[in-house]
Structure formats: C-alpha cells, structure tokens
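To convert, note that position 38 of the sequence shown is 156 in this note's numbering; the numbers rise steadily by one, no gaps.
Okay, so here's the structure we're looking at.
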Amino acid sequence: MRPVIRECVLGFTRAPLLSTLSVTAIAFSLFTLGLFGLVAVNLQQALAALEDRVEVVAYLLRGTPIEAAMLAAEDARTFPEVAQVTYVSADSALARAQAELAEFREAYRDLRTNPLPASLEVALRPGQRDPETVAAVAERLRGIGVVEDVRFGEEWVAGLARLRRIAGLVGGVIGLAFAGVALVIIATTIRMALLQRSREIAILRLVGATDGFIRAPYLLEGALKGFLGGTLALLLTWAAFALVRGGSDALVAPMFLPPAFVAAGVAGGTLLGLLASLLSVGRHLRPRGVR
Numbered sequence: 119m120r121p122v123i124r125e126c127v128l129g130f131t132r133a134p135l136l137s138t139l140s141v142t143a144i145a146f147s148l149f150t151l152g153l154f155g156l157v158a159v160n161l162q163q164a165l166a167a168l169e170d171r172v173e174v175v176a177y178l179l180r181g182t183p184i185e186a187a188m189l190a191a192e193d194a195r196t197f198p199e200v201a202q203v204t205y206v207s208a209d210s211a212l213a214r215a216q217a218e219l220a221e222f223r224e225a226y227r228d229l230r231t232n233p234l235p236a237s238l239e240v241a242l243r244p245g246q247r248d249p250e251t252v253a254a255v256a257e258r259l260r261g262i263g264v265v266e267d268v269r270f271g272e273e274w275v276a277g278l279a280r281l282r283r284i285a286g287l288v289g290g291v292i293g294l295a296f297a298g299v300a301l302v303i304i305a306t307t308i309r310m311a312l313l314q315r316s317r318e319i320a321i322l323r324l325v326g327a328t329d330g331f332i333r334a335p336y337l338l339e340g341a342l343k344g345f346l347g348g349t350l351a352l353l354l355t356w357a358a359f360a361l362v363r364g365g366s367d368a369l370v371a372p373m374f375l376p377p378a379f380v381a382a383g384v385a386g387g388t389l390l391g392l393l394a395s396l397l398s399v400g401r402h403l404r405p406r407g408v409r
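In structure tokens, the structure reads:
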C-alpha cells in the first residue's frame with residue numbers, strides 16, 4: 119500500500135501545475151453543479167412554502183348557529199387529510215377584509231349589513247395537497263349540511279403541482295448533464311497525466327509490473343483529485359451562497375444545501391474522480407490492437 123501512496127504523491131509533485139489545473143477544473147465543474155443544486159433546493163423550498171398556503175375554504179349558510187358550525191368543524195377534523203380547521207365568523211371575515219383590502223375599506227365601512235358569510239378554513243397535512251386530494255376533500259366538505267359553497271383555487275393548485283413536476287424533471291436532467299461534464303473533464307485531466315508518464319508506464323510493463331500495480335496509483339490520484347475538487351467546489355458554493363444571502367430581500371430566506379447533499383457532493387466528486395481514472399487508465403493500458 120505504501121508504494122501506491124508514494125506514487126500517488128509523486129504524481130502530484132512531478133507535475134504540480136497539471137495537478138493544480140486538474141483539481142481546479144474538477145472544482146469548477148462541481149461548483150457549477152453545486153450552484154445548480156442551490157437553485158434547485160431553494161426553488162423546491164419556495165414551492166413548498168407556496169404549497170403550505172394551500173387550503174380549502176367552506177362557506178357556511180347564512181344564519182348558521184355557532185353550535186352547528188362547530189359540529190361541522192369537528193366533522194371536517196375527522197378527515198385523515200386535514201391538519202387543522204379554523205372557524206371564521208362573518209364579523210371576523212369582514213374585519214379581515216377591511217384590514218387586508220385597503221382600497222375597499224371605505225366601501226366596507228358604509229355597509230349596513232355584512233355581505234360576507236362565516237366559513238371554515240381547512241388546512242391540509244403535508245403530502246396531502248395535490249390537486250386530486252384537495253378536490254376530494256372539497257367534495258366531502260360539500261356533503262356537510264351547513265356548507266353552502268367550497269373554494270380552493272382549482273387552477274392555482276393544479277398549476278403549483280405541475281410546476282413542481284416540471285422543476286423535478288428539469289432538475290434531474292440538468293443535474294445529470296452537469297455530472298457528465300464533470301466526468302469528462304476529470305477523465306481528460308487523468309488522461310493527460312497518463313500521456314505525460316507513458317514512458318514510465320512502458321518501463322514498468324517491461325520489467326513485469328502488473329496492470330493492477332500500474333493502475334492503483336492513478337486510481338488513488340483520481341479519487342484524491344475528485345475529493346479536493348469537491349471540497350473546493352463546496353467552499354466556492356458556500357461563498358456564492360453567502361454573497362447572495364447578504365443581498366437578498368426574498369420573502370423566503372435562502373437555504374444552503376442540506377448536510378446530506380454536502381456529503382453526497384464531496385463523496386460524488388471522489389467517486390467521479392475514481393470512475394474517470396478507471397476509464398482513462400483502462401483505455402491506456404488496453405493492448406494497442408483493441409484500442
């Protein structure tokens with residue numbers, strides 16, 4: 119094992135410029151992937167924040183006694199998809215409209231009768247906010263006797279679900295594309311190192327060195343370059359995130375990559391380096407007739 123480690127270290131010291139360029143190229147490839155990961159994570163967070171606002175509003179018949187409204191709320195709470203039910207009286211609905219709709223404040227103030235009905239605001243559990251589930255809950259609420267109408271913004275809920283699906287699909291495709299680019303760059307840098315030391319490899323083969331003995335230092339070197347590149351990419355991604363967070367006025371605070379993503383990024387860089395080295399070394403050691 120020691121000769122393998124020694125050869126790996128010598129590979130860095132013999133060509134420090136090439137090694138530095140290799141690590142830098144790997145780092146910027148993975149940095150691009152990290153930036154995309156930041157965008158994807160924060161996009162999903164923003165969509166989740168919007169999804170948290172999905173609720174079903176059941177408007178009650180005018181003149182519904184408070185006791186009947188409470189019984190209706192209890193019935194709605196028994197639905198397995200429901201997280202919370204809030205009763206909003208007609209007076210509370212009018213006060214909210216006056217506070218939130220400033221342009222109609224004077225018009226609401228001159229009203230002699232309250233035009234707004236009492237309602238039940240039904241919040242759904244996480245994972246139960248897709249269009250089909252929301253529509254099913256709305257249909258069951260319509261079956262409660264004191265409920266006159268149910269609204270939940272069908273088009274908005276469907277559009278949000280469609281946006282999440284598109285974001286997931288596009289994210290997966292672009293992520294794989296960036297990973298492929300990183301793999302090509304790593305393989306190219308390892309291939310350059312092999313070509314630079316082709317005479318040394320030829321001498322090792324002449325004296326009887328096995329392919330495994332020749333291959334091992336390059337595999338370790340590729341893994342180490344991938345690890346260093348992944349770590350540098352992580353630092354660059356954090357710097358970019360700190361810069362964006364410092365000047366952000368977004369309603370949803372930006373979020374850095376989760377710890378699992380960070381660990382996967384560094385481990386993925388190491389594995390990409392190992393795989394790229396394996397492909398390059400295997401091609402270089404292949405007999406001339408089958409290249």
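C-beta: ideal position from N, C-alpha, C; glycine also.
Only a predicted model underlies this, so the values are computations on that prediction, with no experimental measurement involved.
Start and end of the beta strand (DSSP E) containing residue i?
i: Asp267; result: Val265 to Arg269
Buried or exposed: residue i, going by 16 or more other Cβ atoms within 10 Å of its Cβ?
i: Glu318; result: exposed
i: Pro335; result: buried
i: Glu185; result: exposed
i: Ala158; result: buried
i: Leu151; result: buried
i: Ala166; result: exposed
i: Thr196; result: exposed
i: Thr328; result: exposed
i: Thr355; result: buried
i: Ile144; result: buried
i: Arg258; result: buried
With DSSP as the reference, label residue i as helix, strand or coil.
i: Leu178; result: strand
i: Ala341; result: helix
i: Val408; result: For Val408, the predicted model reports a pLDDT of 43, less than 50, meaning its position is unreliable; a value from the coordinates is still stated below. Note: Val408 maps to helix in three-state DSSP.
i: Glu318; result: helix
i: Thr328; result: coil
i: Arg230; result: coil
i: Pro377; result: helix
i: Pro335; result: helix
i: Ala351; result: helix
i: Ala394; result: helix
i: Ala295; result: helix
i: Ala285; result: helix
i: Ala371; result: coil
i: Ala236; result: coil
i: Arg124; result: helix
Quick check: the Cα distance between residue i and residue j, rounded to an integer number of angstroms?
i: Leu287; j: Phe379; result: 18 Å
i: Arg269; j: Ile303; result: 53 Å
i: Ser210; j: Leu375; result: 41 Å
i: Arg409; j: Leu353; result: Only weak support is given to the placement of Arg409: the predicted model assigns it a pLDDT of 45, under 50, and the value that follows is read from those uncertain coordinates. Spanning the two alpha carbons is a distance of roughly 39 Å.
i: Arg282; j: Val174; result: 20 Å
i: Gly263; j: Glu239; result: 16 Å
i: Gly387; j: Phe359; result: 20 Å
i: Arg280; j: Val252; result: 14 Å
i: Gln216; j: Tyr177; result: 19 Å
i: Ile284; j: Leu156; result: 17 Å
i: Arg260; j: Pro377; result: 44 Å
i: Thr306; j: Met373; result: 34 Å
i: Arg406; j: Asn160; result: Low confidence applies here, because Arg406 scores a pLDDT of 47, under 50, leaving its location unreliable and the question unanswered by this model.
i: Leu338; j: Glu250; result: 51 Å
i: Ala385; j: Ile292; result: 19 Å
i: Ser316; j: Gly340; result: 17 Å
i: Met310; j: Gly271; result: 59 Å
Going by DSSP, which residues form a beta bridge with residue i?
i: Gln202; result: Ala241
i: Glu173; result: Ala241
For the alpha helix (DSSP H) holding residue i, just list the boundary residues, first then last.
i: Pro249; result: Pro249 to Arg260
i: Ala152; result: The displayed chain sequence assigns Gly, not Ala, to residue 152. It spans Pro134 to Asp170 - the alpha helix (DSSP H) in which Gly152 sits, taken as one unbroken run.
i: Leu189; result: Ile184 to Arg195
i: Arg214; result: Ala208 to Glu218
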